[in-house]
Amino acid sequence: MDNGAGIIAARPIHARAMAAIHAAGFRAAERWSAEAIGRLLALPVCFGLLHPAGGMLVGRVMADEAELLTVAVDPTARRQGLGTALARRAIAEARGRGARSMFLEVSAENGGARRLYGALGFAAIGRRPKYYAGGGDALVMKRTLSGPGEVEAG
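Going left to right, the sequence shown walks through residues 540 to 693 as our numbering numbers them.
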C-alpha cells in the first residue's frame, strides 16, 4: 500500500507527464490534454499532484469549496493505494487552503472509484444523467472537510 511519500506538487512543467497518466486511465473521449492540464495548473485556485509511479490529480479551491477535477492512476499501478494517497493529499491541500467541503464527479459505472471515495467519507448527493461522452451518468459526491484537530475519514 502506497503512503503517498512520492507525491509532489505538480506545476505546469509536469503537464505532459500528467496527461500521459490521464490518457492511460481514461477513454479517448474523456482524456485531458497536456495543454489543458498546464492551463489549470497555472491558475492560483488550482493545484496538481503527481506520483511518479503513475498517479495524478488536479483540484481547485474557490472560497470555502474544493473540487477534485480529475484523478487518474495508470492501469498498471492500480490497487496499490495511489488513488487513496492522492485523494488524501488533496483533502489536506484543500483544507490548508481554507476549504470546508469537497466535491467530485465520478462515473456511476466506476465501482472502484466510488468505493475509494466512499471510504474517504464522500457521499453521493446527486446524479448527472448522460454526463460523459459515451452517455454514462456521473454521480456528484461531497465530503465535509474535518477541522484541524479532527480525524479524517478513511
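By construction, the Cβ of each residue, glycine as well, lies at the ideal position given by its N, Cα and C atoms.
For T683 and S646, believed in contact at Cβ under 8 angstroms, the rounded distance: Wrong, their Cβ atoms sit about 23 angstroms apart, outside the cutoff.
Beta carbon of G614 nearer than 7 angstroms to that of G545: In the sequence on display, residue 614 carries Pro and not Gly. Contact: no.
Spatially closest choice to F565 from R578, C585, M595, by CA coordinates: M595
A556 versus G587 - alpha carbon distance: 12 angstroms
Residues bridged to H553 (per DSSP): Answer is none; H553 lacks a bridge partner.
4-residue-minimum alpha helix (DSSP H) runs that sit fully inside the region 554 to 638, ordered along the chain: 554 to 564, 573 to 580, 621 to 635
Contact under 7 angstroms by Cβ, I576 with A548: no
Coarse secondary structure for L643, derived from DSSP in three states: strand
CB-CB length for E569 against A672, believed under 8 angstroms: 6 angstroms
Per-residue burial, L607 [other beta carbons within 10 Å of its own, 16 or more giving buried]: buried
Beta-carbon gap between L643 and A663 smaller than 7 angstroms: no
Buried or exposed (CB count within 10 angstroms, at least 16 for buried), I630: buried
Own chain partners of S572 with C-beta closer than 7 angstroms, once the 5 adjacent residues on each side are dropped: A558
Among L579, R578, T623, the one whose alpha carbon lies nearest that of R654: T623
Environment of L589 [buried if 16+ CB atoms lie within 10 Å]: buried
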